[in-house]
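*Asks:* What follows is a structure written as structure tokens; I'll ask about it next.
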């Protein structure tokens, strides 16, 4: 029996979401920009979904822009803020000779890290990486504030890490930014705050009113929805399109909308709004049971950031400190356990750079598995998963 414990990589599409998508395919197949009946029905489905996504994160519907997924949303934020600084902010605040300065952490998803690296390499931005604490995996807010320069225009920090599960104190960072004020940070231009909430939505409460961010990334397939996404853009925040076409999504994201998948994203959002407390309670119970079963089976096991209070309820990052084993070799032998050694985007055999950046040794990082439970994970599945790991390690020890 195959056991899936990789819900941070992707989730199955909920049956209610599937039904919603199929219904939209049948009844809302028109072009949402058309003025006749089929187009009006598609437009109604689109706006209903927008409202449900907005309700899930505490925003207004007009602050939601549908995208192809998290990578597009993250890139849209980065390239928009850079363009805004160059075309508007720089001249207004006397910084036209300065490059836009961006602050981020050393544990970001590649869809943030790589575009920033490219922009830095081409000398289009200044970039500062602020390391997370090697004890907690979380940011030091004062270190973020110390990195601010007169030309700082963007701070982008992941809300919950996809590998360690550590939740970053974005709300506290914004509070500090607001309470101290711009002059104290040696800057006169506004600093925009973005968070990638891909891993957080569906597991913890995510409310843009509490976080007080300017941008927030939403990824459907992380919370039992389809593989599209959305971007929250606070009302009044300047946004440019990153490509051009028919002017859909208020000219910010042109291209005929994927109505049926947007409908599915709306339904997935509605389910989160209705059931988050139940989902979270179940994930907490299952992850704790998983940890207890692993401890009983492997007395020398090392949990990463287990005792840090601000973590996702479903994520267990665990190192197997045994001789001559690695995460990939464990999973190769535990053929019926579907899990990861790090981010699903990385299929290589090297240790996860996120884990190393979080203070975990290279050796232990190479022996680490990420086990993430879901809404329907059972104790029986966890027991089987642990038995598969025991068998795998016995085989590796014998070899």
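Numbering (the numbering used here), first residue to last: 1 to 399. From the three backbone atoms N, C-alpha and C, an ideal C-beta is built for every residue, glycine too.
Looking at the secondary structure, which residues open and close the beta strand (DSSP E) in which residue 372 lies?
*Replies:* Where residue 372 is concerned, the enclosing beta strand (DSSP E) stretches over 368-372.
*Asks:* Since I believe residue 58 is in contact with residue 198 (beta carbons under 8 Å), could you give me their beta-carbon distance rounded to a whole number of angstroms?
*Replies:* The Cβ separation is near 17 Å, so there is no contact.
*Asks:* DSSP on residue 149, reduced to helix/strand/coil?
*Replies:* In the structure shown, residue 149 sits in coil (DSSP, three-state: anything other than H, G, I, E or B).
*Asks:* Can you name, in chain order, every residue of its own chain whose Cβ lies under 7 Å from the Cβ of residue 465, other than the five neighbours on each side?
*Replies:* Residue 465 lies beyond the residue range present for the chain, which begins at 1 and ends at 399; the question has no answer from this structure.
*Asks:* Measuring only the C-alpha atoms, how far is residue 1 from residue 78?
*Replies:* Cα to Cα, residue 1 sits roughly 43 Å from residue 78.
*Asks:* Quick check: residue 243 and residue 254, are their CB atoms within less than 8 Å of each other?
*Replies:* Cβ distance < 8 Å, so residue 243 and residue 254 count as in contact.
*Asks:* Could you give the DSSP three-state label for residue 112: helix, strand or coil?
*Replies:* Of the three classes helix, strand and coil, the one that applies to residue 112 here is helix, per DSSP.
*Asks:* Assign residue 175 to buried or exposed, taking buried as 16 or more other Cβ atoms, counted over all protein chains shown, within 10 Å of its Cβ.
*Replies:* Flag for residue 175 reads exposed.
*Asks:* Taking the beta strand (DSSP E) that residue 228 belongs to, which residues open and close that run?
*Replies:* Unbroken run through residue 228: none, as it is neither H nor E.
*Asks:* In three-state DSSP terms, what is residue 126?
*Replies:* Of the three classes helix, strand and coil, the one that applies to residue 126 here is strand, per DSSP.
*Asks:* Which whole-angstrom value is the C-beta distance of residue 235 and residue 63, which I expect to be below 8 Å?
*Replies:* Sure, about 5 Å apart at Cβ, within 8 Å.
*Asks:* Buried or exposed: where does residue 367 fall if 16 or more other Cβ atoms within 10 Å of its Cβ makes it buried?
*Replies:* Residue 367 is buried by the Cβ-count criterion.
*Asks:* If we count the other Cβ atoms within 10 Å of its Cβ and call it buried at 16 or more, is residue 335 buried or exposed?
*Replies:* Exposed, by the Cβ-count rule.
*Asks:* Which of the three DSSP states is assigned to residue 282 in this structure?
*Replies:* The answer is helix: DSSP assigns residue 282 an H, G or I state.
*Asks:* Any heavy atom of the ligand GTP closer than 7 Å to the beta-carbon of residue 302?
*Replies:* Although the ligand GTP was asked about, the structure shown includes no ligands whatsoever.
*Asks:* How about residue 352 and residue 121: do their beta carbons lie closer than 8 Å?
*Replies:* Against a cut-off of 8 Å, the Cβ pair of residue 121 and residue 352 comes out as no contact.
*Asks:* Within the continuous alpha helix (DSSP H) that includes residue 22, where are the two ends?
*Replies:* First-last of the alpha helix (DSSP H) with residue 22: 15-27.
*Asks:* List the DSSP bridge partners of residue 233.
*Replies:* Per DSSP, 215.
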